[in-house]
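Note that the protein sequences, when read in sequence, are chains W and G. Note that our numbering gives residue 190 to position 190 of the first sequence, counting from 1, and the numbers run on in steps of one. Position in the second sequence (first residue = 1) + 1000 = our numbering. Just so you know, even glycine gets a beta-carbon here, dropped at the ideal spot from N, CA and C. Please read these numbers as outputs of a predicted model, since none were measured by experiment. The block underneath contains the structure these notes are about, expressed in C-alpha cells.
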Amino acid sequence: MTYLISRLWTLSIVGCLIPFLWLIVDITFDNLGSNPIQELHIRLGDWSLRFLWITLAITPIQTITKWRGMTDYRQLFGLCAFFYATLHVLGYLVVDHYFQWRIIGIDILESSYIWFGIIAYFITLLLALSSPKWAKKRLGKTWKKLHRFIYIAACAAIMHYFWQLKGNLADPLFYLLVIFILLGFRGLVWLKDRQLAQLMLPKSTK
Amino acid sequence: MIIKTTKELVASEITDISVFKRRRQIIKAALAAMVAGEFIAPAIAANNNSNWANLPKSNYADKSLTPTPAGLIKNYTNYYEFAFNKQDSTDLAKNLRTDAWSVEITGEVEKPGHYYLEDILSQQSLQEYIYRFRCVEAWSMVVPWIGFPLADLLKSVQPLSTARFVKFTSVYQPDTMPKQASNQMLEWPYVEGLRIDEAMHPLTILAVGLYGDILPNQNGAPLRLIVPWKYGFKSIKAIVKIELLKRPPITSWNSFAPNEYGFYANVNPDVAHPRWSQNSERQLGSTFFTPRRQTELFNGYGEQVASLYSEMNLRHFF
Ligand code: HEM
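Right under this line is the structure:
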C-alpha cells in the first residue's frame, strides 16, 4: 500500500496515458470496427468526459480523506481531460474532415450537438491555459471562480452527447448522474461550512 | 398458396431459391437422417453449393459503384428491436426465427392472403441491385442487394384503384427481441410506409439477400424493403405484413419524433436533422484522412425519382 502511494504520481500519469496507448494499438491493428472514424470520436470523447469526472472527484476525495496535496492530481487529470478533448477535436477536423473547411462550416452550423461540444471545449481550453501555477497566482480569487466553470463544461459535454442520439439516453444519463452526485457533494459541504460559519460568528455582528 | 403472375416465367428464368430453402432443408434433412441413417448427407452437401452468386444485375444498379466490403455491411446496422447499439443488435439478431416465413398482403387489393415467402420467390426473378444506402445518422455504404421489384409483387395481388399508400409491418417476436419484450423506445412492431407511386417505382425492391447469399438476420432477413433514395430507417426489415391503404399509415420513427423523422425521409443534404447536419456522410470502408462524401439529393437517384416530388416543398415534406 505505501509502495502504491509513493508511486501514485507515476501511476496516475500512466493511467492518463493508457486509453491513448490502447487507442493507438487498436488503430494499428484495425480494431475499431466498421466505422473506425466514428469509433475514434467516441473513444476520445468518452475519455475526455471520464477524466472530467475524475478531476471533479478530487476535491470531494480530499474533503473525505482530509489528505492535503491533491491539487497536483486535480491539475493532472484536468489537463488530461483537455488532452483527450483536443485529440477529439483534431480527430474531427483532420481525421474525419481532412480540413474541408466548407463542409466543416456547414456541418457545425447545422449540428446543434456540436455547439455544446464547442462550449465544453472552449471552457476546458480556458481552464488549461490558466492552470499553470503562475497563472493561478496572478488570477488570485478569480481563479477559483473561473475553475468552477468545469461543472458547466461537464454538463455541456453531456448535452453534446445526449443531443446526438436517436433517443437511447441511458449512457449520457449515467454520466449526468455522476456529475450531479459530485456537484451535490460540493453543495452539501458548502451548506455545512456556511452553517458552521454562522454558528461561530458572534450574534451581534449578524 | 401460389401467386398468379401476369406473365408465365420460363423455367430457366426462375430464380434458384434453393439457397433460401437451405436452412430448412438442413433441419429437415437432419431430422430425416436421425431416422434414415447417414446416406442422406451427400444430398445435403450437394444442395449447399447452389447460391445466388451469378444473378443478372438490374438495369438500375449503378455498375460504377464499388460495394462496401461485406464484413462492414454485416456488422454495422441498427436494429432497435434487439438493442440500441449496432454491435449488440448484430449479436442478438442471431436469435431471430425466420423459418417458414409468410407475408400477409391485405387492404385495397383484389387478392388478399397469406403468402409463403418461398412461394413468392418462386414467382419472382431475382436480380442484383447495387445501391447506395444512406442512414439518417450520416453514414453510408454501397450494398449489392438481391431482390425483386416491390411493384411486381404488388401487381400480382392486383391493387384496387383506391390504394394510395402501402403500409409495411415488421415481425413481432418479443421472445427473441428484447426491446419488444420490455416495450422500449418505439411502438412495436415497427411500421413503415410509402406512397403508392413510391412503392411502384422500379428502384423500390424487396430484398432477400446480399453479396450473393441470403440476408443475415441483422440486415433484415428474411425479407426487407429497400428504397435507395430515402434514409435507411424507411427500409423496414423482417416484413410480415403489407397493407394497401387509402390513407397514409402512422409510421414508427415519424410518430416517435415527428419533427425529426418525416414520413418521406428523402435523402436531402439541404434539410438538416434538427440536431445534426445531413450535408455530408461518412462512407463505410473509407480510411482516416479521407474527407466525407458530399450527400446528394435523393441519394443520387434524382434522375429517376425527382419527378415523384416535383410539386412538393421538400423542406416542408421532409
Ligand atoms: C470538452 C469537450 C468535448 C467533450 C468532453 C466531448 C465528448 C464527447 C462524447 C462523450 C461523445 C459521445 C461518445 C459516445 O457516443 O459514446 C462525443 C461525440 C462526438 N463529438 Fe465531442 N466532445 C467535446 C467537444 C467536441 C467538439 C468541439 C467537437 C467538434 C468540433 C466534437 C465532435 C464530436 C463528434 C463528431 C462526435 C461523434 C458523433 C457521432 O457519434 O457520430 N466534440 N463527444
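Run of the alpha helix (DSSP H) containing residue i, from where it starts to where it stops
i	result
residue 186 of chain W	170-200
residue 1168 of chain G	From DSSP, residue 1168 of chain G is part of no alpha helix (DSSP H) but of the beta strand (DSSP E) over 1165-1170.
residue 1303 of chain G	1302-1305
residue 121 of chain W	112-129
residue 1236 of chain G	Taken as a continuous stretch (DSSP letters only), residue 1236 of chain G belongs to no alpha helix (DSSP H), as it is neither H nor E.
residue 65 of chain W	36-65
residue 96 of chain W	Looking at the DSSP string, residue 96 of chain W is not in any alpha helix (DSSP H), and its letter there is neither H nor E.
residue 142 of chain W	141-147
residue 1076 of chain G	Note, residue 1076 of chain G: premise wrong, no alpha helix (DSSP H); not H, not E.
residue 1092 of chain G	1086-1092
residue 1256 of chain G	1252-1256
Residue span of the beta strand (DSSP E) that contains residue i, given as start and end
i	result
residue 1131 of chain G	1127-1134
residue 1116 of chain G	1113-1116
residue 1224 of chain G	1224-1226
residue 1262 of chain G	That residue, residue 1262 of chain G, is in no beta strand (DSSP E); it is neither H nor E in DSSP.
residue 210 of chain W	Residue 210 of chain W lies beyond the residue range present for chain W, which begins at 1 and ends at 206; the question has no answer from this structure.
residue 1280 of chain G	1280-1283
Near the ligand HEM: residue i beta-carbon under 7 Å from a heavy atom
i	result
residue 48 of chain W	yes
residue 1123 of chain G	no
residue 157 of chain W	yes
residue 1316 of chain G	no
residue 164 of chain W	yes
residue 97 of chain W	no
residue 171 of chain W	yes
residue 89 of chain W	yes
residue 105 of chain W	no
residue 1273 of chain G	no
residue 38 of chain W	yes
residue 117 of chain W	yes
residue 23 of chain W	no
residue 45 of chain W	yes
residue 85 of chain W	yes
residue 207 of chain W	Examination of residue 207 of chain W is not possible in this model, given that chain W is present from 1 through 206 alone.
residue 52 of chain W	yes
residue 92 of chain W	yes
residue 147 of chain W	no
Buried or exposed by the 16-neighbour rule on C-beta atoms within 10 Å, applied to residue i
i	result
residue 18 of chain W	exposed
residue 1036 of chain G	With a pLDDT of 45 at residue 1036 of chain G, under the threshold of 50, the modelled position of that residue is not reliable, and the figure given next carries that caveat. By the 10 Å Cβ count, residue 1036 of chain G comes out exposed.
residue 1046 of chain G	Legend: pLDDT at residue 1046 of chain G = 37, less than 50; position of this residue unreliable, no value from coordinates given.
residue 1159 of chain G	buried
residue 1039 of chain G	A caution first: residue 1039 of chain G carries a pLDDT of 41, below 50, which makes its placement in the model too unreliable to give a value.
residue 14 of chain W	exposed
residue 1140 of chain G	buried
residue 55 of chain W	buried
residue 190 of chain W	exposed
residue 159 of chain W	buried
residue 150 of chain W	buried
residue 138 of chain W	exposed
residue 1289 of chain G	exposed
residue 1026 of chain G	Caution applies to residue 1026 of chain G, whose pLDDT of 49 falls short of 50 and renders its modelled position unreliable; the model cannot decide the point.
residue 1254 of chain G	buried
residue 1143 of chain G	buried
residue 1301 of chain G	buried
Under 7 Å by beta carbon: chain W residues contacting residue i
i	result
residue 1277 of chain G	106, 107, 110 and 111
residue 1280 of chain G	103 and 107
residue 1084 of chain G	168
residue 1096 of chain G	Correct list: empty, because the minimum Cβ distance to chain W is about 20 Å.
residue 1272 of chain G	110
residue 1072 of chain G	34
Strand pairing of residue i, partner residues [DSSP]
i	result
residue 1195 of chain G	G:1165
residue 1145 of chain G	G:1129 and G:1210
residue 91 of chain W	Partner(s): none; residue 91 of chain W has no beta bridge.
residue 1106 of chain G	G:1243
residue 1293 of chain G	G:1281
residue 1205 of chain G	G:1149 and G:1226
residue 1057 of chain G	G:1128
residue 134 of chain W	None, per the DSSP bridge assignment.
residue 1139 of chain G	G:1282
residue 1159 of chain G	G:1109
Residues that residue i contacts on chain W, provided the C-beta gap is smaller than 8 Å
i	result
residue 1139 of chain G	35 and 38
residue 1075 of chain G	33 and 34
Neighbour list for residue i in chain G, Cβ cutoff strictly below 7 Å
i	result
residue 100 of chain W	1291
residue 95 of chain W	1288 and 1289
Contact list for residue i against chain W, beta-carbon separation under 9 Å
i	result
residue 1150 of chain G	Going along chain W, no residue has its Cβ under 9 Å from residue 1150 of chain G, so there is no contact; the nearest lies around 26 Å.
residue 1284 of chain G	34 and 35
Mind listing which residues of the stretch 149-164 of chain W have their C-beta closer than 7 Å to chain B's C-betas, in chain order? You won't find chain B in this structure, because its protein chains are W and G.
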